[in-house]
Amino acid sequence: MRKLSRDVDAENRKRRCERERVIETGAVDWKVQFRNISLQVVTCQRRWIVVSNPSLCSIISKWLGTEAWINNVDIIAGLRDYVSDPALHKEWKMMKKVNKMRLADYIETISGVKVSLEAMFDVQVKRIHEFKRQLLNILGIIHRYDCIKNMKESERRRVVPRVCIIGGKAAPGYEIAKKIIKLCHAVAEKINNDPDVGDHLKLVFIPDYNVTVAELVIPGSDLSQHISTAGHEASGTGSMKFLMNGCLLLATADGSTVEIAQEIGADNMFLFGAKVDEVQTLREKGSALKAPLQFARVVRMVRDGYFGHKDYFKSLCDTLEDGKDFYLLGNDFVSYLEAQGAADRAFVDEEKWTRMSILSTAGSAKFSSDRTIKEYAEETWGIEPCKCPY
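Numbering of the sequence shown is given in full-length UniProt numbering, commencing with residue 1 and proceeding in unit increments.
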């Protein structure tokens with residue numbers, strides 16, 4: 001039992017610290033030393049690059065001069081040697097364009113919405129839950145829409161176009177999650193049919209999101225959002241799949257994004273929001289926390305029925321006001337908008353964006369399930385690999 005306790009998976013280093021804190025007394029009494037093996041059981045380069053993104057697979061093999069990385073993923077770090085090579089940049093951008101074309105065709109098929117390939121494909125796909133903060137994303141989209149509506153035509157020409165893609169499922173009895181999905185559809189209906197906005201902003205909800213759909217979405221994404229309230233995400237393997245495919249991450253310091261930042265450098269991500277050790281203090285302040293004006297405005301737009309369904313969304317808005325903002329959307333909103341602005345500025349600098357994308361793929365080796373299984377085999381199971389008989 002002692003050995004089992006020592007080897008309970010912690011998913012990431014943050015979870016290990018929490019586990020030691022929660023059962024600190026037992027750890028001292030039994031003289032148990034915990035160790036962490038980050039969990040990447042569903043993130044494998046053979047599935048999420050070789051199968052899902054064959055164009056990227058070809059580029060990696062060509063520039064590394066070998067296909068050995070497919071079974072020895074540490075080799076993929078060799079892409080860093082070519083990160084400034086214009087020829088690689090050209091091939092990388094073409095690969096991304098081809099994948100965006102596939103995703104754009106899929107979006108038109110399921111929604112009837114035509115999207116521009118020149119736009120940034122900004123994606124958040126995961127289980128719908130308050131702590132994962134799809135609502136923060138939607139409120140940020142409303143803010144962007146409101147800004148565009150209040151711009152002069154000359155100002156709109158300088159807007160970085162966005163295609164915002166949200167996907168996921170809500171638990172059958174989770175009413176708030178279902179209202180978040182409904183709000184996404186209501187906002188999309190307004191934005192996608194507004195001639196003042198045009199291709200500057202589109203919003204699409206992908207229904208029935210699953211692995212098959214993910215194999216289209218992940219390779220075709222430019223930016224992926226992982227914006228849970230710090231301290232709530234156990235790991236988040238979705239971010240690892242996007243990372244492998246050269247998608248840039250906009251994220252809070254939560255779950256696997258903490259370790260990703262250590263591998264690729266925080267300057268190659270767009271980080272924002274309260275840190276895990278700040279969350280409880282902020283919650284204790286409750287109603288004393290004053291919501292920023294931008295946040296109050298977009299919540300008021302929803303509450304006042306700007307997107308319809310005024311009565312239906314009332315309870316959703318109630319969770320954000322009068323000290324009830326448990327997941328700190330209001331607190332993180334300005335920081336979130338600043339991170340989005342940084343992403344806009346990086347996107348228009350094609351060389352910088354492509355460089356960050358290449359470094360993301362090059363730094364993804366640690367997050368392969370191969371590494372996880374190897375560590376379990378060596379440190380926990382005490383077994384050695386055997387030669388394949390075929």
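By construction, the Cβ of each residue, glycine as well, lies at the ideal position given by its N, Cα and C atoms. Model, not experiment: these values are computed from the prediction.
Query	Result
Name the two residues that bound the continuous alpha helix (DSSP H) containing HIS129.	It is not in any alpha helix (DSSP H) - HIS129 carries neither H nor E in the DSSP assignment.
Using three-state DSSP, classify LEU249 as helix, strand or coil.	strand
Could you spell out the range, first to last residue, of the alpha helix (DSSP H) harbouring ASP105?	86-111
Determine the burial state of SER315: buried for a count of at least 16 other Cβ atoms within 10 Å of its Cβ, exposed for fewer.	exposed
MET120 by DSSP, collapsed to three states: which one?	strand
Would you kindly report the start and end of the unbroken alpha helix (DSSP H) that includes HIS309?	That residue, HIS309, is in no alpha helix (DSSP H); it is neither H nor E in DSSP.
In angstroms with no decimal places, state the Cα-to-Cα distance between TYR376 and SER369.	11 Å
How would you write the range of the alpha helix (DSSP H) that GLY341 sits in, first residue to last?	329-348
With VAL204 as the anchor, note down where its beta strand (DSSP E) starts and where it stops.	201-206
Three or more beta-carbon pairs under 8 Å between the segment 354-373 and the segment 77-88, yes or no?	yes
Using only the alpha-carbon positions, how far apart do ILE70 and LYS387 sit?	17 Å
Is it right to say VAL51 is buried, meaning 16 or more other beta carbons lie within 10 angstroms of its own, or is it exposed?	exposed
Counting only the same chain and skipping the five closest in sequence on each side, list residues whose C-beta sits under 6 Å from that of CYS164.	ASP122, ILE141 and LEU203
Measure from the alpha carbon of PHE347 to the alpha carbon of each residue in CYS247, GLY238, VAL302 and GLU153, then state which is nearest.	CYS247
Do ILE166 and PHE205 have their C-beta atoms closer together than 7 Å?	yes
How is LEU320 classed by DSSP in three states: helix, strand or coil?	coil
Relative to the alpha-carbon of TYR106, which residue among ILE76, ILE148 and SER221 has its alpha-carbon at the smallest distance?	SER221
According to DSSP, which residues form a beta bridge with GLN280?	Looking at the DSSP assignment, GLN280 forms no beta bridge with any residue, so it has no partner.
Tell me the rounded alpha-carbon separation between ALA214 and HIS226.	15 Å
Return the residue from the list VAL160, LYS285, ALA261 and LEU289 that minimises the CA-CA distance to LEU359.	ALA261
To the nearest whole angstrom, what separates the beta carbons of ALA186 and HIS309, a pair I think is in contact under 8 Å?	6 Å
For GLY167, which residues does DSSP report across the bridge?	VAL125 and ILE206
Assuming HIS226 is part of the beta strand (DSSP E), what are its boundary residues?	223-226
With H, G and I counted as helix, E and B as strand and the rest as coil, what does DSSP make of LEU79?	helix
Please state the DSSP three-state secondary structure of LEU64.	helix
Over what stretch of residues does the alpha helix (DSSP H) that includes ASP370 continue unbroken?	369-376
Nearest-angstrom Cα distance between PHE326 and ARG283?	7 Å
Leaving out five residues before and five after VAL73 in sequence, what residues of the same chain have Cβ atoms less than 7 Å from its Cβ?	GLN45, ALA365, SER368 and ASP370
ALA230 and VAL276: beta carbons closer than 7 Å?	yes
So who's on the other strand from PHE270, going by DSSP bridges?	LEU250
Grouping DSSP H, G and I as helix and E and B as strand, with all else coil, what is ARG162?	strand
Measuring only the C-alpha atoms, how far is PHE313 from LEU139?	13 Å
How is ASP146 classed by DSSP in three states: helix, strand or coil?	helix
Roughly how many angstroms separate the alpha carbons of SER154 and PRO172, rounded to a whole number?	46 Å
In whole angstroms, give me the CA-to-CA distance for GLY238 and LYS126.	8 Å
Looking at the unbroken alpha helix (DSSP H) that takes in SER154, where does it start and where does it end?	153-156
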